[in-house]
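For reference, the structure is listed below as structure tokens.
Residue numbers (full-length UniProt numbering): 1 to 153.
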């Protein structure tokens with residue numbers, strides 16, 4: 001009740017509420033006119049239930065509640081969409097930060113292992129390459145596959 005009172009005290013929100021009520025009255029009047037036209041087309045009496053003041057007031061009340069419920073549903077949907085958008089952005093930021101830390105760590109490890117790679121390459125160029133060829137030849141010459149025997153029938 002306190003929230004409703006504060007809503008009505010605020011001039012801007014009060015005007016919005018009054019606009020909703022006016023729209024509900026307009027829609028109800030339009031609905032009643034459509035019912036009358038339909039009854040006249042069918043050849044029946046042009047009297048509808050909403051002609052009585054109590055029923056008219058109830059129809060306006062129902063339409064007003066429907067409009068307020070629609071407004072609330074839209075507000076909640078927008079709020080939920082905004083929340084999901086913020087959550088998605090936050091997850092992207094976290095993912096970006098994780099990628100940055102992984103990349104930084106990889107660069108650090110790459111720089112630390114650089115000297116060992118350079119030394120290995122220099123050792124390879126200095127003459128380690130000739131000895132590996134001789135070892136490979138010895139290993140290859142020691143293995144001899146069996147000779148092929150033709151099938152006889």
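We put the CB at the ideal spot given by N, CA and C, even for glycine.
Check your understanding: DSSP on residue 145, reduced to helix/strand/coil?
Key -> coil
Review point. Using a Cβ-Cβ cut-off of 8 Å (strictly less than) and excluding sequence neighbours within five positions of residue 148, which residues of its own chain qualify?
Key: none
Exercise for review: In angstroms with no decimal places, state the Cα-to-Cα distance between residue 15 and residue 87.
Suggested key: About 34 Å.
Exercise for review: List the whole-angstrom C-beta distance separating residue 20 from residue 71, where the pair is believed to meet the contact cut-off of C-beta under 8 Å.
Suggested key: 7 Å
Point to revise | Neighbourhood of residue 58 by C-beta distance below 6 Å, restricted to the same chain and skipping five residues each side | key: none
Check your understanding: For residue 24 versus residue 63, is the C-beta spacing smaller than 8 Å?
Key -> Yes, Cβ-Cβ distance for residue 24 and residue 63 is below 8 Å.
Check your understanding: So, is residue 28 buried or exposed, given that buried needs 16 or more other C-beta atoms within 10 angstroms?
Key -> buried
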